[in-house]
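Those letters in the sequence shown? Residues 50 to 554, by my numbering.
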Amino acid sequence: MTAQAQQLAGPLSAAVANLCVGLRQQVSPNTAAGFREVLRRLSAPLQVAVAGRIKSGKSTLVNALIGRRVAPTDVGECTRLVTRFQYGTVDRIEVVFTDGRKQVLPFDANGSIPADLGVDVEEVSHIEAYLTNAVLRDLTVIDTPGLGSLDAASVARTEALLGNELDPVSRNAVAGAEAVLYVVTQGVRGDDQQALAAFTAATASREAGPVNAIAVLNKADTIAAETVEGADGDTWQAAVLLAERQAHTLKPRVADVIPVIGLVAESVETGGFTSADADALRKLAELDEGTRETMLISADLFVGWDCDVPVGVRTRLLEKLDLYGIRCALAAVDAEPAITAGALRRKLLDSSGLDGVRGKLNAVFRSRADGIKAAAALASVTALAAASGDPNERQRVHDAIEVLLAKPEAHQLRLLEALTLVASGAVAMPADLAEEVLRFGTSPDVSEQLGLRGRPPHELVAYALERAGWWRSFASFGATPAQSRVAHVVHRAYFLIWQQLRGRR
Ligand SMILES: Nc1nc2c(ncn2[C@@H]2O[C@H](COP(=O)(O)OP(=O)(O)OP(=O)(O)O)[C@@H](O)[C@H]2O)c(=O)[nH]1
Ligand SMILES: [Mg+2]
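Structure (structure tokens):
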């Protein structure tokens, strides 16, 4: 049997799949079973875990991305469980128990996973939710329970928490993730990098890095603009600046930090925001300036102030958009009093920043799904061989991987591996060189990879050639053996860019 390329993300996944198929006869039954699992995963969509602290808005964002309010937010025992949202031809919820039993559950009246499952949660491993939503065709989204109170935590404590509070099976479900969308809020500090490191330690042997991790700065609407220098009192501007600063802290663990208002995104993308809400907003926009300003000071005043729009309607608006979203909507109505509910929804979507998150997901995850999946699969193959305890078997697997990586077609895979080694600190590099290496992971755009965005082609060509030469000599002189391995890959990356750009001129 050969791997079926049409089900796989691309040639790199196919190469690793063929490696597994080829080795299956030469390894112990246990390892072979592991390889079958690796093969199964290789032909499944990219697995993205949404992770972050408790109540950071993970489930809200999951709903926004899927376009359906299916993950329970705020309350309920499900927020303590791992839920995998994957594509299926029929909507279905399956509770998977730690002993392997499965039980099918109905969705609740609103079409979401019931907050109360009616089973003993202690016995539950995780939930599989199959949905017909098209977004899930090439991305499986894994909603994870919040990392607990990590504020004062050392890495050791964090790891202990992950190790003890998640049962082994749900840890495996998280470990199944090939990429991470890390949700942070305004409070992110230096120790969040440790939280991220601890999370990635839990995602099996794979490290997160610029290749397979993105962060979002969620709840951007709740940022007090006056506390952020340079924001000029503008909330979104404050969020953009804060996200840039956080990127500084979290890089190179993540490719980027993108600001987003998950709540507003969820409301507009899941049909939560209705034409009745648009009507209410139009009415509120007609209130005299003074009343409006007073009401927008706080949530209490917004609901409690005496006005024509019923309290229940205002409470719902607040739940769906919060004060910032309401302000954005009112500004849109001011600019265009006859604005339709659809146009208002579009404006709110724009203000939520969700398009920015989707763009990043496409640029970092979707466009590289083949490489990410192949790298994750190779890591699993290596781990399986290491766990077998048979030195001959380990050597056979090792040799097969070396043969695969030596092929010219595997360059992309070697580059991803090099990026991850450098990002995780497994291979130490001087800061300027590390930064240069990691640039290859930041964007599919060649000029950005060279750090020469917007420069004319002849400069790009000359620079690529110059750096190719530099890295080749670094690989031979001055580098440690580990650095040398990375340097060879970087040399090749520059050389291929040079070839490509030269051909284009
Ligand atoms: N103002 C505001 N509130 C938000 C935003 N995103 C989420 N929330 C609210 O934050 C609360 C927690 O959201 P969840 O999505 O349940 O957070 P979670 O990270 O999944 O929580 P756990 O799974 O319990 O860790 C809910 O009340 C959401 O409505 C946002 O962008 N702005
Ligand atoms: Mg949640």
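Quick reminder that beta carbons are idealized off the backbone N, C-alpha and C, glycines included.
DSSP state of residue i, grouped into three classes?
i, result
"V539", "helix"
"D200", "With a pLDDT of only 36 at D200, under the threshold of 50, the placement of this residue in the model should not be trusted; the figure read from the coordinates follows. Coil."
"R220", "Only weak support is given to the placement of R220: the predicted model assigns it a pLDDT of 41, under 50, and the question is left unresolved by the model."
"T132", "strand"
"V65", "helix"
"A264", "strand"
"V277", "coil"
"P78", "helix"
"I191", "strand"
"R206", "With a pLDDT of 34 at R206, under the threshold of 50, the predicted position of this residue should be treated as unreliable, and no value is reported."
"L215", "Here the model assigns L215 a pLDDT of 38, short of 50, so the residue's position is not dependable and the matter cannot be decided."
"L427", "helix"
"E318", "helix"
"R302", "coil"
"I142", "strand"
"A183", "helix"
"V168", "coil"
"V476", "coil"
"A98", "strand"
"S161", "coil"
Taking the continuous alpha helix (DSSP H) assigned at residue i, which residues delimit it?
i, result
"D148", "Unbroken run through D148: none, as it is neither H nor E."
"R395", "A390 to S401"
"Q286", "T284 to L299"
"Q444", "P440 to A455"
"E484", "A480 to L487"
"Q56", "First-last for Q56: undefined, no H or E at that position."
"G339", "E338 to M344"
"F351", "A348 to G353"
"E466", "H460 to A472"
"S377", "Correcting the residue type first, residue 377 is Cys in the shown sequence and not Ser. Start and end: V360 to A384."
"D328", "S324 to A334"
Please name the residue in the options whose C-alpha comes closest to that of residue i.
i, options, result
"A100", "N411, T364 and I191", "I191"
"L345", "R376, P493, L312 and S77", "R376"
"R365", "E342, A390, L333 and F322", "F322"
"I557", "A262, V265, D283 and I263", "The first residue shown for the chain is 50 and the last is 554, placing residue 557 beyond what the model contains."
"R445", "N67, L72 and D270", "L72"
"D382", "K396, D371 and H537", "Asp is not the amino acid found at residue 382; the sequence shown has Val there. Closest option to V382, Cα to Cα, is K396."
"P440", "S77, V65, L482 and I546", "S77"
"D357", "E335, A378, R534 and G490", "E335"
"D374", "A387, D355, G361 and R394", "Per the sequence presented here, residue 374 reads as Gly, with Asp not at that position. Answer by Cα proximity: R394."
"L91", "F134, A524, T189 and L230", "T189"
"E278", "V289, K268 and D270", "V289"
"A423", "L453, E143, R407 and L410", "L453"
"E318", "A113, A58 and Q152", "A113"
"V42", "G236, V476, L464 and F523", "Residue 42 is absent from the structure shown; the chain starts at 50 and stops at 554."
"V471", "V309, V303 and S525", "V303"
"Q135", "E342, L185, S492 and R141", "L185"
"A274", "A262, A287, P259 and V265", "A287"
"T181", "G116, S473 and L154", "G116"
"G408", "V313, P493 and M478", "P493"
"V406", "L350, E458, T122 and L110", "L110"
"S108", "T132, E171, P155 and S400", "T132"
"V97", "I421, G500 and D140", "I421"
"S416", "G137, L95, L68 and L482", "L95"
"D270", "A264, G106, E385 and E342", "G106"
"V413", "H540, A536, D305 and A296", "D305"
"S429", "A226, D337 and G552", "A226"
"E485", "A436, A531, V535 and L462", "V535"
"L499", "P155, R129, E293 and L545", "L545"
"V309", "L154, I263, I142 and T340", "I263"
"V39", "N411, K151, G402 and Y179", "The question about residue 39 has no answer, for the chain in this structure spans 50 to 554."
"L333", "L166, D355, V313 and G552", "D355"
"S316", "L403, A426 and N261", "L403"
What first and last residue would you give for the beta strand (DSSP E) that runs through residue i?
i, result
"A178", "V173 to L180"
"I307", "V306 to P308"
"L230", "A228 to V233"
Can residue i be considered in contact with ligand 3, in the sense that its beta carbon sits closer than 7 Å to one or more heavy atoms?
i, result
"D192", "With respect to small molecules bound, the structure shown includes ligand 1 and ligand 2 and not ligand 3."
Segments assigned alpha helix (DSSP H), at least 4 residues, entirely inside the segment 489-530: 495-498 and 506-525
With distances taken from each beta carbon to the nearest heavy atom of ligand 1, which residues come in below 6 Å, in chain order? I103, K104, S105, G106, K107, S108, T109, T122, D123, T128, P194, G195, N267, K268, D270, T271, I310, G311, L312 and D371
At which residue ranges does the segment 100-124 contain complete alpha helix (DSSP H) runs of 4 or more residues, listed in the order of the chain? 107-115
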